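Heads up: the structure comes next, in structure tokens.
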Amino acid sequence: KCQANEISLKLKCNCLSSAIFEENAVRDDEVFQLAISDLSLNDDILQSEKITHSIKLVEVNNPFQAVQEACELMTQGILALVTSTGCASASALQSLTDAMHIPHVYVQRSGEGSPRTTCQLNPSPDGQRYTLAARPPVRLNDVMLTLVGELRWQKFIVFYDNEYDIRGLQGFLDQTSRQGLDVSLQRVDRNISKVFSNLFNTMRTEELNRYRDTLRRAILLLSPRGAQVFIQQAVETNLASKDSHWVFVNEEISDTEIMELAHSALGRMTVIRQIFPLWRDSSVRCMRNNHRISSLLCDPQEGYLQSLEVSNLYLYDSVLALANAFQRKLVDRKWHSMASLNCIKKSTKPWNGGWSMLENIQMGHITGLTGTMDFKANGSNSHVQFEILGTSFSETFGKDVKRLATWDSVHGLNGSLKESRIENGMQGVTVKVVTLLEDPFVMVAENILGQPKRYKGFSIDVLDALAKILGFKYEIYQLINKRADLAMSAITITPERESVVDFSKRYMDYSVGILLKKPEEKINIFSLFAPFDLAVWGCIAAAIPVVGVLIFLLSRMQSLRTQNPPVPHQQPANQASNSLHSAIWIVYGAFVQQGGDSVVSSVALRIVMGSWWLFTLIVCSSYTANLAAYLTVSRMDTTVRTFQDLSRQMDVSYGTVRDSAVYDYFKNKGTNPLEQDSTFAELWRTISKNNGHDYSVSSPSEGIRKVVLHLHGIGMFTVVPT
């Protein structure tokens with residue numbers, strides 16, 4: 009279990025101050041002892057008193073045990089309590105000291121090296137807060153807002169680890185939302201390599217490209233070690249590019265860690281950290297307010313000083329501030345004797361000298377390791393300063409880190425973070441440009457006879473913008489003498505190319521496709537019979553005479569049963585249906601929905617004709633629907649839809665553009681011995697036949713022409729994305 013240290017100061021004048029630290033702060037007890045040692049050697053502060061101290065251990069983030077140990081110290085009688093803990097223990101101790109009226113000087117710690125967030129302390133019941141925050145409030149959000157504004161970022165992503173309290177970003181997110189900035193948040197787990205492996209397992213290629221574009225502007229709220237591993241993983245997985253800009257934000261990071269971060273990062277690195285003013289004169293640097301500081305803590309060349317955390321420095325100054333307050337009490341002869349306090353008994357009254365001692369501490373003003381320390385009426389120490397470091401490049405030193413600006417709570421930003429812009433140094437220069445015609449990047453515009461050719465497209469728009477910014481003129485001409493000032497063309501962005509070439513922002517996202525020649529449509533005069541199968545047509549053709557014969561027989565039987573003595577020269581009323589051909593004609597007329605002239609009077613005939621009409625209605629409706637679908641839906645039936653289909657078929661040859669991104673992709677996948685899918689190996693064998701000269705082409709236009717004309721047996725062409 010993690011444990012914390014508890015240290016007590018015992019003075020001859022019965023002034024006793026106690027301190028509670030957490031064990032993960034390995035330097036707290038050492039710095040505390042150095043502070044006591046320096047005070048013992050000081051002839052101006054508590055010179056007649058002998059200082060002793062004791063150390064106890066408590067668990068980290070255990071508010072109950074911290075309060076229990078503080079109560080035990082109060083039974084001995086204390087004047088003040090100094091703590092360097094996390095927020096949970098600090099909140100519990102603050103409630104205790106407010107109830108007992110014991111001055112509480114609190115130094116906030118950040119957990120596991122992550123950036124610090126503001127501790128939300130409890131309000132005092134009587135409005136009198138006895139807790140003084142030696143460490144200034146968290147101002148990282150203000151510095152980040154200033155930096156984002158100076159860099160003119162419109163879209164970026166913020167990474168934070170498990171130890172960081174995301175509630176600390178609420179104010180920052182509110183401000184960026186009001187400014188219309190697009191901010192994304194992503195938590196980084198302890199297993200950083202797993203984070204990147206999950207990206208490749210869950211994202212498609214297009215999504216990875218968009219995520220890679222998002223990583224070009226990133227803020228890292230991580231520990232120094234976590235940030236270094238994160239950037240290394242991004243570089244190794246080709247998710248980082250040379251135009252990436254990483255902003256690492258943490259109050260506590262050493263010079264060594266900064267150099268390690270800068271050398272591991274691909275692209276630009278900016279670091280925000282807290283700094284403290286140092287005097288150049290060593291004699292002045294180690295002497296503050298007639299108080300001599302140990303050289304271990306005031307000499308920048310000492311390795312011990314470099315290993316200290318920010319909280320250690322504030323702890324030293326807190327001890328110095330208390331000692332000065334005790335000294336003023338003794339000089340003014342306003343000393344309040346310590347009372348034994350019992351936290352458990354309800355009848356225990358608070359210390360009546362607590363508020364006087366608190367005011368004496370607040371009136372103090374010292375200059376220590378962290379610079380000026382004094383406390384406002386709300387109990388906070390507002391003096392804080394940050395420096396903003398950035399990477400630079402030179403032929404002599406290579407990649408280096410230099411200070412770009414500083415930021416403090418009074419003056420704000422001192423310096424400029426804006427990226428250097430190219431000045432208009434090409435005024436009046438005419439540049440000769442060569443390019444390639446490729447829609448929609450470079451296209452021939454409408455030209456007037458006798459005038460130079462005009463061009464349009466995305467790349468031409470970029471060239472016009474550059475010419476306007478830099479002040480040069482240009483002319484696009486044909487490369488005859490093999491000399492040109494500028495070459496402009498669209499090219500596919502790949503991780504390998506981006507590692508050595510700076511690309512502009514991409515204009516379009518394409519995916520790889522397969523181009524096939526559309527089969528010629530053949531006119532079929534029997535297409536009207538397509539909606540039904542041949543068997544259906546046979547059944548319909550057989551049903552017409554069968555139903556016709558049935559109607560003829562029923563009509564004949566009806567006429568025989570109802571026959572009266574014939575009247576000379578008189579035709580029967582239903583003579584039209586008494587003949588076989590007339591009955592079949594009636595059935596056919598009903599089938600084509602044209603009706604008939606017969607009179608159906610018997611029940612049997614009506615049942616047969618009603619059934620036939622229902623059958624006719626269903627058949628005609630089905631035929632109409634199928635015919636409409638057949639005539640309106642034109643779908644090319646192809647057996648090739650995926651790369652697997654392409655590799656399995658042997659009827660048509662295929663290829664792509666030689667030395668293109670797709671060509672290299674097939675080569676890498678097809679020649680990779682670890683590739684489990686044999687599809688790409690089969691594709692590469694066909695594409696690379698005769699070094700790619702048999703089926704692959706030199707340009708997309710040539711590939712399209714071969715597919716259309718079916719030259720050299722090439723019937724399919726893999727389109728290259730741009």
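Here the numbering used here = 1-based position in the sequence shown + 8. Just so it is clear, CB atoms sit at the ideal spot from N, CA and C, and this is done for glycine as well. Predicted, not measured: the structure shown is a model, and the values here were computed from it.
| Asked | Found |
| --- | --- |
| Who are the Cβ neighbours of Ser302 in its own chain at under 6 Å, not counting the five residues just before and after it? | Leu42, Asp46 |
| Run the CB neighbour count on Gln117, radius 10 Å, all protein chains shown included, and call it buried at 16 or more, exposed below. | It is Arg, not Gln, that sits at residue 117 in the sequence shown. Classification for Arg117: buried. |
| Would a C-beta distance cut-off of 9 Å place Phe256 and Leu223 closer than the cut-off? | no |
| Closer than 8 Å to a non-hydrogen atom of the ligand ADP - does that hold for the CB of Asn199? | This structure does not include the ligand ADP; it has no bound ligands of any sort. |
| For Met451, which of helix, strand or coil comes out of DSSP? | strand |
| Compute the Euclidean distance between the alpha carbons of Pro539 and Thr624, then round it to the nearest angstrom. | 16 Å |
| Taking Tyr322 as part of the beta strand (DSSP E), name the residues at either end of that continuous run. | Unbroken run through Tyr322 is the alpha helix (DSSP H), 318–339; no beta strand (DSSP E). |
| Give a yes or no on whether 9 Å exceeds the smallest Cβ distance from Leu153 to chain B. | Of the protein chains in this structure there is only one, and it is not chain B. |
| Excluding sequence positions up to five away, which residues of its chain have a Cβ less than 7 Å from the Cβ of Gly379? | Phe284, Pro285, His391 |
| Val255 bridges to which residues according to DSSP? | Ile227, Thr278 |
| If Ala242 and Ala235 are in contact, beta carbons under 8 Å, what's the gap, nearest whole angstrom? | Not really, about 11 Å apart at Cβ, beyond 8 Å. |
| Just checking my contact of Arg147 with Asn389 at CB under 8 Å: how many whole Å lie between their CB atoms? | About 12 Å separates the two Cβ atoms, so there is no contact after all. |
| According to DSSP, simplified to helix, strand and coil, what is Ala385? | coil |
| Apply the 10 Å Cβ neighbour rule to Arg514 and answer buried if 16 or more other Cβ atoms are within range, or exposed otherwise. | exposed |
| Using DSSP with H/G/I as helix, E/B as strand and the rest coil, what is Phe511? | coil |
| On a Cα-Cα basis, can you pick out the residue from Gly398, Ser400, Ala495, Phe449 that is closest to Phe443? | Reading off the sequence shown, one finds Thr at residue 443, where the question assumed Phe. With distances taken between Cα atoms, Thr443 lies closest to Ala495. |
| For Leu654, tell me which candidate among Cys628, Leu635, Leu524, Val554 has the shortest Cα-Cα distance. | Leu524 |
| Run the CB neighbour count on Gly423, radius 10 Å, all protein chains shown included, and call it buried at 16 or more, exposed below. | exposed |
| Using DSSP with H/G/I as helix, E/B as strand and the rest coil, what is Gly546? | helix |
| How should Ile626 be labelled, buried or exposed, when 16 other C-beta atoms within 10 angstroms of its C-beta is the threshold for buried? | exposed |
| From this set, Asn368, Leu330, Leu129, Leu323, which residue's C-alpha is nearest Asp340's C-alpha? | Asn368 |
| Please list the segments of the alpha helix (DSSP H) lying wholly inside the segment 63–93, counting only runs of 4 or more residues, in order along the chain. | 71–84 |
| Take the Cβ of His253 as the centre, count every other Cβ of all protein chains shown within 10 Å, and call the residue buried at 16 or more, exposed below. | buried |
| State the DSSP-derived secondary structure class of Phe180, mapped to helix, strand or coil. | helix |
| I'd like the span of the alpha helix (DSSP H) that includes Ala43, first residue to last. | 36–48 |
| So if DSSP puts Asp408 in a beta bridge, which residue, or which two residues, is it bridged to? | Ser400 |
| Excluding five sequence neighbours on each side, which residues of the same chain lie with their C-beta closer than 6 Å to the C-beta of Ser26? | Ser16, Leu81, Ile86, Leu89 |
| Looking at the strands, I want to know which residues DSSP matches up with Tyr463. | Val452 |
| Could you say which of Gly362, Gly372, Leu316 lies nearest to Gln335 if we only look at CA atoms? | Gly372 |
| Relative to the C-alpha of Gly135, which candidate in Asp106, Cys127, Val151 has its C-alpha closest? | Asp106 |
| Which residues mark the beginning and the end of the beta strand (DSSP E) in which Met483 is found? | Note that residue 483 corresponds to Glu in the displayed sequence, not to Met. It spans 481–484 - the beta strand (DSSP E) in which Glu483 sits, taken as one unbroken run. |
| Candidates Glu265, Asp52, Ala141, Ile110: which alpha carbon is nearest Val94's? | Going by the sequence as given, residue 94 is Gly instead of Val. When each option's Cα is compared against that of Gly94, the closest is Ala141. |
| Can you pull the DSSP bridge partners for Ser192? | Ile165 |
| Would you report the Cα separation of Gln128 and Gln102, rounded to the nearest angstrom? | 11 Å |
| Give the DSSP bridge partners of Thr443, in chain order. | Met496 |
| May I ask you to list the residues that DSSP assigns as paired with Ile760? | Only positions 9 to 730 of the chain appear in the structure, and residue 760 is not among them; the question remains open. |
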